[in-house]
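Sequence lines, in order, name chains P and Z. The first sequence: position 62 = 67 (the working numbering), numbered continuously. The second sequence: position 22 = 294 (the working numbering), numbered continuously. First comes the structure, then the notes that go with it.
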Amino acid sequence: MTPFRPQLESLLRDFDPATAAATRFRDNPSGLTSAWVDLDTPAALPRLAEALRANGARLGTTTVYRHDVAGAPGDHTIAYHFVLGGMPITVKVRLAAGAVLPSVTPLFPNADWEEREMMELTGIAIGNHPDPRRMFLDESIEAGVYDRYVPYSDFTNAARHEEIWQRVRDTATRAAGRSPEEATP
Amino acid sequence: MTETTYELPIGPLHVALEEPMYFKLEVRGDKIADLEIFAGHLHRGIEQIATDRNFLQCIILTERLCSLCSNSHPSTYCMALEDIAGIELPPRARYIRVVTEEIKRISSNLINVGLLAHLVGFDTLFMQLMQIREAMQDVKEVLYGNRMNLGANVIGGVRVDFDAEKIAYLLKRMAEIEPQLVTMKDFLETNASIGRRTRGVGVLSRDKAIAHGVVGPVARASGVMNDVRVTAPYAAFPDLDLETHLLTDGDVHSRAMIRFREAMTSIDLIRQCVAKLPEGPTSLGYMPHIPPGEAVARMEAPRGELMYFLRTDGSDRPERIKWRVPSFPNWEALRVMLRDADIADAAIIIGSIDPCIACTER
């Protein structure tokens, strides 16, 4: 067993016994352990991130995904992938539509680009970010616009630009409360 | 820009970088007071594209994220799938994966050190290093049939096998380049001209390296040992003796020397793998079903820790896939390295993190 597992278990017990009890550990076929932590509320994230940092963990990366595409398309899960020694620790936080996610950039400077990317590509609001400027998109473009109209990958993968623009028009028409069939081309 | 500073743009196209990245330097006199880095020129939305491809197609897609670490991507992606499906690699495949990655590491590291030689005006050294690297390109062509994208990985193993003839060729070329690398290493460590341009330049202290979570040779040149091959040994690494390299000056010279020494260690690892190469199959022999699940996979790419997060839902394609390349955290640390540096050193400092922009922007 990795020596970092007991260290994480102890840290989590101090943080919140319920979170510690719900944390899962898994060994992959190479015998390497990973940890999976679920947080009840985004507000708890900075405190846990601070405890992890104090124990020598670093932030590897973050992932945003929708956990319920059909039922709650505006909700997201944000997975923070920390590394403690050789053990990856994934801390997941669910974020309801319109809620604000606290920044961990003041604790982990390498979260800066991660969180800025999150804000502009998914439209997630992050509070207390020290430098919340755009990375990829111009400031004049609405945040999360690719997500709402057409994924950027569809642009780069498209054979005909007319298909892309038709999809943008259809989405905008539906957003205005009309069916695409009613819209004048 | 203030009354005492002016702005100096570098990029988005610049000789130090074959890919586009835009740096806006705030300059006071000959020194860089501060800087901003602007990304976005190469964002292709590949993570989203991957969710529209099946698991097999994603091996091909991820291999094309970048050329220099092209094997690291599909290899780590396959590790994530194998974790989710509980697939144990055949022993022979574990060793061939290490050989493949270490061959790529030698090529990648030699390009970066060669580029440094070019940037300090030592083009003869650049050409000599590229000539050594060319031997590695030959090795790739003979062993895999390609010079850059090797197509070596399948889910649950590798696509290639090494017969006695290929192994003999591999060992012959390693024996050829090793003495050349020893000579070059001594030269790089002692040459005064290179030392003047690279020692004490672009320093990243150990504390800053830890704070910024930098990885790979950038971390190890600043005294931070986070080599995934050591901290979480995967594939055949638990069975191999890996010589580690750690320096503490945190400057351009240290980063180059870590890369150079690690390239030489790769030769030793390749020899160990070949000597211990187990008999048996190289793959499962069938396309496994991937159940719903999620996994984090990591490996030590030439530039450092490559991290993949994969979620599957029982279908034949990823529900979500995210990768964090080694260059991503290293960009932010570049701000530390460049502050108070001479303008003339900007290009070699930027080059010293061995940045990969195609990887960063996805």
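Where a beta carbon is used, it is the ideal one built from N, C-alpha and C, also for glycine. Quick caveat: nothing in here was measured; it's all calculated off a predicted structure.
Environment of residue i [buried if 16+ CB atoms lie within 10 Å]
i              : result
T95 (chain P)  : buried
A59 (chain P)  : exposed
N326 (chain Z) : exposed
Q320 (chain Z) : buried
H345 (chain Z) : buried
Q544 (chain Z) : buried
E437 (chain Z) : exposed
W603 (chain Z) : buried
D626 (chain Z) : buried
Y70 (chain P)  : buried
H561 (chain Z) : exposed
G182 (chain P) : exposed
Residue i and residue j closer than 8 Å at C-beta
i              : j              : result
A613 (chain Z) : G472 (chain Z) : no
M123 (chain P) : T67 (chain P)  : yes
A493 (chain Z) : L519 (chain Z) : yes
D355 (chain Z) : N33 (chain P)  : yes
L340 (chain Z) : T372 (chain Z) : no
I375 (chain Z) : V411 (chain Z) : yes
P590 (chain Z) : T323 (chain Z) : yes
G428 (chain Z) : L556 (chain Z) : yes
I129 (chain P) : P137 (chain P) : no
V496 (chain Z) : A481 (chain Z) : yes
L415 (chain Z) : L401 (chain Z) : no
P598 (chain Z) : R570 (chain Z) : no
R52 (chain P)  : F20 (chain P)  : yes
G90 (chain P)  : T178 (chain P) : no
Residue i at chain Z interface by Cβ criterion, 8 Å
i              : result
S39 (chain P)  : yes
W170 (chain P) : no
M140 (chain P) : yes
F113 (chain P) : yes
H134 (chain P) : no
D175 (chain P) : no
Y70 (chain P)  : yes
P93 (chain P)  : yes
T28 (chain P)  : no
R63 (chain P)  : yes
P34 (chain P)  : yes
W84 (chain P)  : Checking the displayed sequence, the identity of residue 84 (chain P) turns out to be Ala instead of Trp. For A84 (chain P), the answer is yes, since a Cβ of chain Z falls inside 8 Å of its Cβ.
D43 (chain P)  : no
G182 (chain P) : no
Range of the contiguous beta strand (DSSP E) that encloses residue i
i              : result
T67 (chain P)  : 63-70
I309 (chain Z) : 303-310
E298 (chain Z) : 294-300
A40 (chain P)  : 38-44
D479 (chain Z) : It is not in any beta strand (DSSP E) - D479 (chain Z) instead sits in the alpha helix (DSSP H) that spans 478-484.
A130 (chain P) : 130-132
R31 (chain P)  : 29-32
C-beta neighbour in chain B for residue i, strict 8 Å
i             : result
H81 (chain P) : Reference to chain B is not applicable here, since the protein chains of this structure are P and Z.
Any C-beta of chain P under 8 Å from that of residue i
i              : result
D355 (chain Z) : yes
G485 (chain Z) : yes
Y416 (chain Z) : no
G467 (chain Z) : no
R583 (chain Z) : yes
M579 (chain Z) : yes
K296 (chain Z) : no
P362 (chain Z) : no
E604 (chain Z) : yes
F327 (chain Z) : no
F394 (chain Z) : no
R471 (chain Z) : no
V568 (chain Z) : yes
Y349 (chain Z) : no
I622 (chain Z) : no
Alpha helix (DSSP H) segment containing residue i, residue limits
i              : result
A424 (chain Z) : Element bounds for A424 (chain Z): n/a, residue is neither H nor E.
T455 (chain Z) : 436-462
F394 (chain Z) : Per DSSP, F394 (chain Z) belongs to no alpha helix (DSSP H) and is neither H nor E.
F20 (chain P)  : 9-20
L610 (chain Z) : 599-610
E335 (chain Z) : 327-335
T276 (chain Z) : Neither: T276 (chain Z) is in no alpha helix (DSSP H) and is coded neither H nor E.
V490 (chain Z) : 488-492
R431 (chain Z) : First-last for R431 (chain Z): undefined, no H or E at that position.
I318 (chain Z) : 318-322
R501 (chain Z) : 500-503
I621 (chain Z) : 618-624
Fill in: Length at least 3, wholly inside the stretch 519-589 of chain Z: the beta strand (DSSP E) runs in chain order
You should have 565-573, 576-584.
Worksheet item: Hey, which unbroken runs of the beta strand (DSSP E) at 3 residues or more fall wholly within the stretch 51-126 of chain P?
Response: With a minimum length of 3 residues, the continuous beta strand (DSSP E) runs that stay inside the stretch 51-126 of chain P are 63-70, 81-89, 92-100, 105-107.
Worksheet item: Unbroken alpha helix (DSSP H) runs of length 4 or more, entirely within the stretch 341-393 of chain Z: which are they?
Response: Complete alpha helix (DSSP H) runs here, min 4: 344-357, 363-391.
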